[in-house]
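Residue numbers (the numbering used here): -8 to 332. A virtual CB, placed ideally from N, CA and C, is assigned to each residue, including glycine. As the structure is a computational prediction, the values presented were derived from the model and not from experiment.
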Ligand SMILES: [Mn+2]
């Protein structure tokens, strides 16, 4: 381990690692890399992704080495009594990313039960100060890159760890389309030289889309609204429209994914794409994707003016807020108007 952080992991014996929502290959991959590394040092670890996952999500991610070692469940029950020395928050900024908020966002776990809380992350901002110790590198592509450049020695990287790391890098950079640097590519090269199964990773992330994904992409294209003076294309989905078009949870997931991957930030003249959906009446989710070269609005920063929970990166931001749909829509339009001037 690199000297600077050695003391954080050497004295304690047991670690509870929570990897963050939303589910992605960095959250899971970095979780598994850290678990395997700490175990190699003789530590006891439990790794939890903080909600149950669907069969489809399982099928998409079970190619990851050691996938079965991730427990997928709400974390509230883990915080009734302290059973580990240290709590680690991985790959997320806000406490809501570490417990199941789908049924209710209330009644959050008592994370304070742990006086030693290490947050390892690469996202911007830390309004809640969830960690007592922060290993935070917002310029790095992924939490896996933080682990593999700042904490874990190269000698620990075998083929399985290399595949986990490569999946995390590819996932968070969209296969090196954004948020990467010379350091990211150096690590990627190193992981390939350690025989990361990059063909498998690419196949699972980019060449294994369902038919529903493309149906939803068609829906996105037909339902997007171009605001020329704001340089923004929107998909607005108030609760009534979701009901009318029979967009259930699964379809909504594909819709959001296809919007983010294949549409937002790719239309010339529209530096950003925003999807706004009201999952239940009065609870609105916003997901923004900005073009690397042409988007000049710092969404994690401006979205705080609306309220709610969320964050992310300059060009990839998500949040949710308890307000009615029209209010959120108007606030967004006003904010973008203000910041494009
Ligand atoms: Mn990440």
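Item, Value
"Where the alpha helix (DSSP H) containing residue 164 begins and where it ends", "150 to 164"
"Local Cβ density within 10 Å of residue 31, reported as buried at 16 or more and exposed below that", "exposed"
"Closest residue to residue 119 among 3, 300 and 319 (Cα-Cα distance)", "300"
"Under 8 angstroms between C-beta atoms of residue 145 and residue 181", "yes"
"Endpoints, the alpha helix (DSSP H) within which residue 177 is located", "173 to 184"
"Identity of the residue in 176, 174, 72 and 155 nearest residue 192 by Cα", "155"
"Contact the stretch 214 to 221 vs the stretch 166 to 182: 3+ CB pairs below 8 angstroms", "no"
"Anticipated Cβ contact below 8 angstroms, residue 76 with residue 3, distance rounded", "4 angstroms"
"CB-CB length for residue 261 against residue 309, believed under 8 angstroms", "Actually they are not in contact, since the Cβ atoms of residue 261 and residue 309 sit about 19 angstroms apart, beyond 8 angstroms."
"Residue from 92, 111 and 57 whose Cα sits closest to the Cα of residue 9", "111"
"Closer than 7 angstroms: residue 18 CB and nearest ligand 2 heavy atom", "By its list of ligands, the structure shown excludes ligand 2, since it contains just ligand 1."
"Complete runs of the beta strand (DSSP E) confined to the stretch -6 to 70 [at least 3 residues]", "5 to 10 and 35 to 40"
"Cβ shell of residue 228 (< 6 angstroms), same chain only, five flanking positions each side left out", "268"
"Identity of the residue in 28, 159, 290 and 114 nearest residue 83 by Cα", "114"
"beta-carbon residue 82 near ligand 1 non-hydrogen atom, thresh 7 angstroms", "yes"
"Bridge partner(s) assigned by DSSP for residue 301", "310"
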